[in-house]
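> Pasting a structure below so you can have a look.
Protein chains in written order, with the numbering used here: chain V, 5 to 297; chain P, 2 to 316; chain E, 3 to 258.
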């Protein structure tokens, strides 16, 4: 029983990371119906910015995270403006293909500039301390990850529910044309959405670096995919769904690793995705809206 | 009169193909074509088969499939198991590769082709990866280490034959009532269904045929490059093929062929700079989609009419 | 006079919203019946139910004596029901000729293998398909534009092409969804004559949705009026014109 709870605890921090990334996928899909294939790679860039912040500028972990979030917010806005905005009236397939291109672009430019090998987060950035509570081993980095993630999610909820920007975001995702008629700047709202989503992914990237102690140019691919599955699981376009989905995927992965075959750990994500798509593509919290003929 | 014209055309086509075949065969036998160019020739033909077959699914039927490498893997592994472990001749390996890949296409196609647009794309990506991971975990084929020392059985006649057959089948299929049915699915699936076309059936058919030829390419690949591992057939490979199809023009077989040749040459030129190669491919994808989404050829083909016009100096 | 179609107690809801409720309908051989009603009344939903795009929650649709509920749309087309669409749904990147040739595919006279190896049967089959398609293009006066891409046709001709394509599936029942939408009075008049013509020449039974009252009152023998998914009136044009409920729901003022 204790073992089981220990696994649950382990799964929480992983789940928190996936949830943060999943939020970016779901927000972007909700507002422009695009699967931002490059989102996992933005997480990677965030991780690297965090790394350089810690090593070159000798900052603490929180400053590093903020630096990463700001950088990636800007990066997200730039990518949207250059690659996705021109395709706003094209088919979704065209935008998806472009997103795939952006993904590979980010990965290989990073490899080109920084080399393919991984970088190790300095120990000084986050000295590990283990706490023993009721027989469970909890690391301070787990606490850090979960608390930061929950804090960010609360801030996001606040923005969405209580600010004008959040209202605009909700309006544009429901009906773009009507939003324009209400005086909402669709371009600005979409840019902000990308900025927020990318910032959250960047935070996840830094947490990933803390959690696994390394960053590498291709580190965004697998977590990105798992976070995408999390978003679909919760219902793509639905924000609470992404949060729930993220934690579910994190817990699922820890369970499979702990109790099952770790070789199949990554394949589980693919399997879950296929199952969702075949059984209930709209996800746990999604509604089915048919096509008008 | 009509039949006589058709017969003359047919004879000219055959003559051109025979000439091309003999020319290259001659160059190879007399050793004029060194190792480097031979490898590129093989890659070129394999890429043509992959691009043309993916174009059938993505371009003509309008279903974005991102797992094409998975079918290539099935074909490669199936053929190798036949020739290396069961000591069968190459033809048996080829046939099994095609059948296995076609079957894979069917099993994957039937459930996923119910999905639309980007959901279908992601599902095919996931399934392509599942194929790869599954192969990684099968001990009979050495899991992640793969199979080494595959006998070289892919020769120019095989390559030429396979490429010609692939292109011919796709072109003849598209220029028929079945082709029109397939294209109508892309143009407007609802209208197509209401005009009497069983759209699910045709989506699956296009998928299966595309998968089959990818399997063929896999078999040819395995028996020339003597090593195959699951890693060889990952999403990067599917991405490479996608770049060819997008560049050539989704919906043009000629475009797919031209782009395949171009990308093969580009890959060869940038062999020592893999990061730059990938950056370039990514840029090609982005730039084509934004500035010229119809690719090089759009949905036009190079036909006899065009050749005739160019020949007689008119446009 | 035989009964081509009979619909009994048809219901359809989306989510909690009832789109069609207790829809009952009869269409006799060679009749021309209209379906009118305010926007959102459920007219296109009825068409979608008949052609199999949606499945009804309840009810039967009997066509030529057989219940077609649950059949796939392509199977329903094969039985002899063809339709056009409110928002034109042509195969845009195909030529005018190819658009119509598609209609012949359900009866294609050669198989896959013949197509791939280009057997004589293939060439004969293609000739048959081409001749069939040209026959319909001539009737609808689109033969001179046979190689034009469908998307490049002017609006009125696109509507005609849609009808030509539907006719090429050789239906016994034709369903037209706002065929006169966006047409000026002259074009509408020509369309009326065309519809009357093909109805006579092909012994068609026709069901028509239209907002243009001159067209509806001019060609329809019987009219059903739909409002909020339910039939509020049914009868001959004269009866409908003076029906109070209909006028209230929809027409506003009396139509001459």
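Cβ coordinates follow ideal geometry from the N, Cα and C atoms, glycine included.
Any C-beta of chain E sitting closer than 9 Å to the C-beta of residue 59 of chain P?
Residue numbering aside, residue 59 of chain P sits at position 58 when the second chain is read from its first letter. No, residue 59 of chain P does not count as interfacial toward chain E.
> First and last residue of the beta strand (DSSP E) that includes residue 71 of chain E?
Position 69 of the third chain holds residue 71 of chain E. Segment: none, residue 71 of chain E is in no beta strand (DSSP E) and carries neither H nor E.
> Apart from the five residues just before and just after residue 134 of chain V, which ones in its own chain have a Cβ nearer than 8 Å to its Cβ?
As a position in the first chain, residue 134 of chain V is number 130, starting the count at 1. Non-local C-beta neighbours of residue 134 of chain V in its own chain, meaning closer than 8 Å and more than five positions away in sequence, comprise 141, 142, 143 and 144, ordered along the chain.
> Compare the beta carbon distance of residue 34 of chain E and residue 210 of chain E with 9 Å and say whether it is the shorter of the two.
For the purposes of this step, residue 34 of chain E is taken as residue 32 along the third chain, with counting starting at 1. For the purposes of this step, residue 210 of chain E is taken as residue 208 along the third chain, with counting starting at 1. Yes, the pair counts as a contact, with Cβ atoms nearer than the cut-off.
> Taking only three categories from DSSP, how would you classify residue 168 of chain V?
The sequence position of residue 168 of chain V within the first chain is 164, counting from 1. Assigned with DSSP and collapsed to three states, residue 168 of chain V falls in helix.
> Is there a C-beta anywhere in chain P that falls below 9 Å from the one on residue 301 of chain V?
Limits of chain V in this structure are 5 at one end and 297 at the other, which puts residue 301 of chain V out of reach.
> For the segment 102-131 of chain P, list every residue whose C-beta sits within 7 Å of some C-beta in chain V, in sequence order.
112, 116, 118, 119, 120, 122, 123, 124, 127, 128, 130 and 131
> Would residue 151 of chain P and residue 85 of chain P qualify as a contact pair, given that the criterion is a beta-carbon distance under 9 Å?
Counting from one through the second chain, the residue named residue 151 of chain P turns up at place 150. Counting from one through the second chain, the residue named residue 85 of chain P turns up at place 84. It is a contact, given that the beta carbons lie within the stated cut-off.
> Quick one: which chain P residues come within Cβ less than 8 Å of residue 102 of chain V?
For the purposes of this step, residue 102 of chain V is taken as residue 98 along the first chain, with counting starting at 1. For residue 102 of chain V, the C-beta contacts it makes with chain P under 8 Å involve 286, 287, 290 and 291, in order along the chain.
> Can you check whether the C-beta of residue 158 of chain P is within less than 9 Å of a C-beta belonging to chain V?
Stepping through the second chain from its first residue, residue 158 of chain P is reached at position 157. Not closer than 9 Å to any Cβ of chain V, the Cβ of residue 158 of chain P fails to qualify, so no.
> Here's the rule: buried if 16 or more other CB atoms are within 10 angstroms of the residue's CB, otherwise exposed. What is residue 166 of chain V?
One-based indexing of the first chain puts residue 166 of chain V at position 162. So residue 166 of chain V ends up on the exposed side.
> Helix, strand or coil for residue 55 of chain E per DSSP?
For the purposes of this step, residue 55 of chain E is taken as residue 53 along the third chain, with counting starting at 1. Coil at residue 55 of chain E, not helix or strand.
> Can you tell me whether residue 19 of chain V is helix, strand or coil according to DSSP?
Here residue 19 of chain V refers to the residue found at position 15 when the first chain is read from its first residue. DSSP, reduced to helix, strand and coil, places residue 19 of chain V within a helical segment of the structure shown.
> Kindly indicate the opening and closing residues of the beta strand (DSSP E) around residue 135 of chain V.
As a first step, residue 135 of chain V is located in the first chain; it is residue number 131 there, counting from the start. Segment 134-137, the beta strand (DSSP E) holding residue 135 of chain V.
> Helix, strand or coil for residue 230 of chain V? Go by DSSP, reduced to three states.
As a first step, residue 230 of chain V must be located in the first chain, where it is residue number 226. When secondary structure is reduced to three states using DSSP, residue 230 of chain V falls in the helix class.
> Can residue 206 of chain E and residue 174 of chain E be called in contact, C-beta distance under 9 Å?
Along the third chain, one-based indexing puts residue 206 of chain E at 204. Along the third chain, one-based indexing puts residue 174 of chain E at 172. Yes, the Cβ-Cβ distance between residue 206 of chain E and residue 174 of chain E is below 9 Å.
> Taking a contact to mean a Cβ-Cβ separation below 9 Å, would you say residue 205 of chain V touches residue 233 of chain V in this structure?
Taking the first residue of the first chain as 1, we reach residue 205 of chain V at position 201. Taking the first residue of the first chain as 1, we reach residue 233 of chain V at position 229. Taking a C-beta distance under 9 Å as the contact criterion, residue 205 of chain V and residue 233 of chain V do not qualify as a contact pair.
> Just mark residue 292 of chain P as buried or exposed, buried being the case when its beta carbon has 16 or more other beta carbons within 10 Å.
Indexing the second chain from 1 puts residue 292 of chain P at position 291. Result: exposed.
> With C-beta atoms as the reference, is residue 45 of chain P less than 9 Å away from residue 91 of chain P?
Stepping through the second chain from its first residue, residue 45 of chain P is reached at position 44. Stepping through the second chain from its first residue, residue 91 of chain P is reached at position 90. Against a cut-off of 9 Å, the Cβ pair of residue 91 of chain P and residue 45 of chain P comes out as no contact.
> Taking only beta-carbon positions, decide if residue 150 of chain V is within less than 9 Å of chain P.
Mapped onto the first chain, residue 150 of chain V falls at position 146. No, no contact with chain P.
> Counting only beta-carbon atoms, is residue 111 of chain V nearer than 9 Å to chain P?
The count along the first chain starts at 1 and reaches residue 111 of chain V at position 107. By this cut-off, residue 111 of chain V is an interface position.
> For residue 86 of chain V, does the count of other Cβ atoms within 10 angstroms reach 16, so buried, or fall short, so exposed?
Counting from one through the first chain, the residue named residue 86 of chain V turns up at place 82. Classification of residue 86 of chain V: exposed, given that the 10 Å Cβ count is below 16.
> Does any CB atom of chain V fall closer than 9 Å to the CB of residue 9 of chain P?
Taking the second chain and counting its residues from 1, the one referred to as residue 9 of chain P is at position 8. So no, residue 9 of chain P is outside the interface.
> Quick check: the Cα distance between residue 88 of chain E and residue 80 of chain V, rounded to an integer number of angstroms?
The residue given as residue 88 of chain E occupies position 86 in the third chain. The residue given as residue 80 of chain V occupies position 76 in the first chain. Roughly 40 Å separates the two Cα atoms.
> Have a look at residue 289 of chain P and residue 248 of chain P and give me their C-alpha separation to the nearest angstrom.
To locate residue 289 of chain P, count along the second chain from 1; it is residue 288. To locate residue 248 of chain P, count along the second chain from 1; it is residue 247. Those two C-alpha atoms are separated by around 7 Å.
> Out of V/237, V/193, V/283 and V/278, which has the shortest C-alpha to C-alpha gap to residue 89 of chain V?
The count along the first chain starts at 1 and reaches residue 89 of chain V at position 85. Of all alpha-carbon atoms in V/237, V/193, V/283 and V/278, the one lying nearest the alpha-carbon of residue 89 of chain V is that of V/193.
> Assign residue 187 of chain V to buried or exposed, taking buried as 16 or more other Cβ atoms, counted over all protein chains shown, within 10 Å of its Cβ.
Taking the first chain and counting its residues from 1, the one referred to as residue 187 of chain V is at position 183. Flag for residue 187 of chain V reads exposed.
> Which whole-angstrom value describes the C-beta separation of residue 227 of chain V and residue 114 of chain V, a residue pair presumed to lie in contact below a C-beta threshold of 8 Å?
The residue labelled residue 227 of chain V in the question sits at position 223 within the first chain. The residue labelled residue 114 of chain V in the question sits at position 110 within the first chain. Not quite, the Cβ-Cβ distance comes to about 15 Å (not below 8 Å), so this is no contact.
> Starting from residue 55 of chain E, find everything on chain P with Cβ-Cβ shorter than 9 Å and list it in chain order.
Residue mapping note: residue 55 of chain E aligns to position 53 of the third chain, counting from 1. Within chain P, the residues near residue 55 of chain E are 191, 194 and 195.
> Hey, is residue 74 of chain V's beta-carbon within less than 9 Å of any beta-carbon in chain P?
For the purposes of this step, residue 74 of chain V is taken as residue 70 along the first chain, with counting starting at 1. No, its Cβ sits nowhere closer than 9 Å to a Cβ of chain P.
> Can you list, in chain order, the residues of its chain whose CB lies under 8 Å from that of residue 1 of chain P, leaving out five sequence neighbours each side?
Outside the shown range of chain P (2 to 316) lies residue 1 of chain P, about which nothing can therefore be said.
> Are at least three pairs of beta-carbons, each pair with one atom in the segment 200-215 of chain V and one in the segment 62-72 of chain V, less than 8 Å apart?
Cβ pair count under 8 Å is three or more, so yes.
> Pairing CB atoms from the segment 49-67 of chain V with CB atoms from the segment 115-131 of chain V, are three or more of them under 8 Å?
yes
> What in chain E is Cβ-close to residue 182 of chain P, meaning under 7 Å?
Working through the second chain from its first residue, we reach residue 182 of chain P at position 181. Within chain E, the residues near residue 182 of chain P are 104 and 107.
> Between residue 171 of chain E and chain P, is the shortest Cβ-Cβ distance under 9 Å, so that the two count as touching?
The sequence position of residue 171 of chain E within the third chain is 169, counting from 1. Yes, contact with chain P.
> Answer with buried or exposed for residue 126 of chain E, where buried requires no fewer than 16 other C-beta atoms within 10 angstroms of its C-beta.
Taking the third chain and counting its residues from 1, one reaches residue 126 of chain E at position 124. By the neighbour-count rule (16 or more Cβ atoms within 10 Å), residue 126 of chain E is not buried but exposed.
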